[in-house]
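Chemist:
In this note's numbering, the protein residues as written are 1 to 459.
1. By Cβ distance below 8 Å, which residues in the same chain neighbour residue 338 in space, the five residues on each side in sequence not counted?
2. What are the residues that DSSP puts in a beta bridge with residue 351?
3. Taking residue 223 as the reference, give the member of 456, 150, 264 and 197 with the closest Cα.
4. Going by C-alpha to C-alpha distance, which of 298, 316 and 318 sits closest to residue 309?
5. Assign residue 101 to one of two classes, buried (16 or more other C-beta atoms within 10 Å of its C-beta) or exposed (fewer than that).
6. With a threshold of 8 Å, are at least 3 pairs of Cβ atoms found where one atom belongs to the region 254 to 265 and the other to the region 314 to 327?
7. Using the DSSP secondary-structure output, state which residues sit across from residue 177 in a beta bridge.
8. Within a Cβ cutoff of 7 Å, which residues of the same chain sit near residue 271, ignoring the five residues on either side of it in sequence?
9. Which residues in the same chain have their Cβ closer than 8 Å to the Cβ of residue 149, if we skip the five residues on either side of it in sequence?
10. Between 400, 368 and 420, which has its C-alpha nearest residue 387's C-alpha?
11. Assign residue 285 to buried or exposed, taking buried as 16 or more other Cβ atoms, counted over all protein chains shown, within 10 Å of its Cβ.
12. Pick out the complete alpha helix (DSSP H) segments inside the region 221 to 289, 4 residues or longer, and give them in chain order.
13. Here's a check: name, in chain order, each residue in its chain whose Cβ is nearer than 6 Å to the Cβ of residue 248, leaving out the five neighbours to either side.
14. Quick check on residue 426: does DSSP put it in helix, strand or coil?
15. Buried or exposed: which applies to residue 455, given that a residue is buried once 16 or more other Cβ atoms fall within 10 Å of its Cβ?
16. Taking residue 206 as the reference, give the member of 341, 217, 227 and 184 with the closest Cα.
17. From residue 209 to residue 242, what distance separates their C-alpha atoms?
18. Quick one: Cα of residue 291 to Cα of residue 313, how far?
19. I'd like to know whether the C-beta atoms of residue 443 and residue 409 end up nearer to each other than 7 Å.
20. Taking three-plus beta-carbon pairs below 8 Å as touching, is the region 375 to 384 in contact with the region 399 to 417?
21. For residue 283, which residues in the same chain have their Cβ closer than 7 Å to its Cβ, ignoring the five residues on either side in sequence?
22. Return yes when the Cβ of residue 437 is within less than 7 Å of the Cβ of residue 459, no when it is not.
23. Classify residue 411 as helix, strand or coil using the three-state DSSP reduction.
24. Quick one: what does DSSP say residue 452 is sitting in, helix, strand or coil?
25. Bridge partners for residue 89 per DSSP, in chain order?
26. Applying the 10 Å Cβ sphere with the 16-neighbour rule, what's the burial state of residue 359?
27. Helix, strand or coil for residue 78 per DSSP?
28. Please report the straight-line C-alpha distance between residue 228 and residue 257, rounded to a whole angstrom.
29. Given that a residue counts as buried once 16 or more other Cβ atoms are within 10 Å of its Cβ, and exposed if not, what is residue 140?
30. For residue 195, does the three-state DSSP call read helix, strand or coil?
31. Buried or exposed: residue 250, going by 16 or more other Cβ atoms within 10 Å of its Cβ?
32. Give the DSSP-derived three-state secondary structure of residue 437 in the structure shown.
33. Who does residue 134 pair with in a DSSP beta bridge?
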């Protein structure tokens with residue numbers, strides 16, 4: 001058989017692609033490589049961006065000030081993430097001072113509403129070179145309120161540019177409002193009937209925001225009862241549930257949350273759930289309850305990154321699809337970006353959740369200074385074996401001291417004086433020397449010191 005030359009094979013492949021591709025057209029050929037010794041062709045620039053990566057050294061000189069935004073704070077060992085694509089969120093809009101993009105939130109699903117919002121955005125008086133994004137809360141809002149929100153955002157941007165021009169970096173030129181103001185800005189909608197606070201300052205802020213957003217039907221009340229506001233409305237138990245490893249489900253099942261450095265593992269168990277007519281229906285009901293509660297717990301715990309959910313195994317493909325669809329619908333309420341994969345052959349759901357800040361658990365708790373966050377310390381038996389090995393190696397030396405004193409934690413000392421006393425006596429008889437032990441409560445349970453009893457020098 002004859003073997004075609006490379007040129008002939010290439011032509012044959014092109015003809016085959018032309019026959020197999022839709023429309024009978026071959027794929028566009030790759031641009032030819034530049035001849036040796038000639039510089040590569042300039043990189044193509046996007047239509048809305050006249051600059052390329054190669055232009056960065058010319059645009060930003062060394063020691064020049066650059067206005068950036070921290071869009072993700074430091075988490076654990078990872079530092080903060082900054083961007084030059086600034087965004088200033090408002091009530092209904094997000095101002096993009098350095099981008100001409102104009103769009104609507106993906107969470108607005110109604111095509112007619114999206115079309116209406118885009119038409120409103122086009123009619124707004126947006127400065128040249130700036131862009132806007134309509135937030136989800138803007139659904140159903142009239143044009144006059146968008147104009148007022150844009151006026152406020154442009155005022156904030158003017159203050160930012162003025163502050164940046166009069167201050168030498170590094171310095172903070174703008175900071176997001178505090179928790180109370182952000183909550184009122186983002187969650188004050190038609191579903192809210194009443195605002196209750198136990199602070200006069202928050203009451204004044206809430207009253208101003210209600211009037212500003214034309215939510216005059218919302219009642220603002222000051223909590224004056226003797227019982228604390230969190231206890232009055234049973235928020236303490238809900239807050240405590242955020243940190244529990246085990247979370248109960250309404251039907252009798254439960255969830256187990258395990259937070260690691262790499263991922264969040266969630267295990268679903270039936271527990272005492274017997275709500276179904278048969279075993280498969282009980283499993284389906286438990287998994288449906290688990291999907292709703294997992295979505296709620298992820299929002300409350302504010303965990304992000306990779307999440308793996310181990311649903312109870314379901315043999316029916318229909319039940320698997322039902323649980324997966326219900327879980328996606330429950331996660332649709334989450335403001336953070338998520339990506340959910342279908343249920344795997346092992347019954348696992350792999351998903352990612354946007355992580356903009358540290359989880360609530362890591363903000364409230366700190367790693368145990370005694371066990372360094374492991375949750376484990378060496379047992380008395382392990383420490384006794386380690387001490388014996390160290391003593392044996394030391395006493396076998398030619399110039400070892402005759403009297404050795406061992407300083408240990410009192411719990412380890414109890415083990416050495418009782419269960420291991422005979423082993424230590426045999427070591428003294430075999431290797432020579434004299435051992436004495438002292439308990440020191442200031443020592444870590446995994447720490448011990450060996451000293452020369454005659455000189456006090458540490459060995």
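Backbone N, C-alpha and C fix where the C-beta goes; we use that ideal spot for every residue, glycine too.
Source: prediction; values computed, not measured.
Modeler: In short, the structure shows the following:
1. 331, 351, 352, 353 and 354
2. 307 and 340
3. 197
4. 298
5. exposed
6. no
7. None, per the DSSP bridge assignment.
8. 252, 253 and 254
9. 90, 91, 92 and 93
10. 420
11. buried
12. 229 to 232 and 235 to 241
13. 254
14. helix
15. exposed
16. 184
17. 30 Å
18. 14 Å
19. yes
20. yes
21. 270, 312 and 314
22. no
23. helix
24. strand
25. 94
26. buried
27. strand
28. 30 Å
29. exposed
30. strand
31. exposed
32. strand
33. 93 and 104
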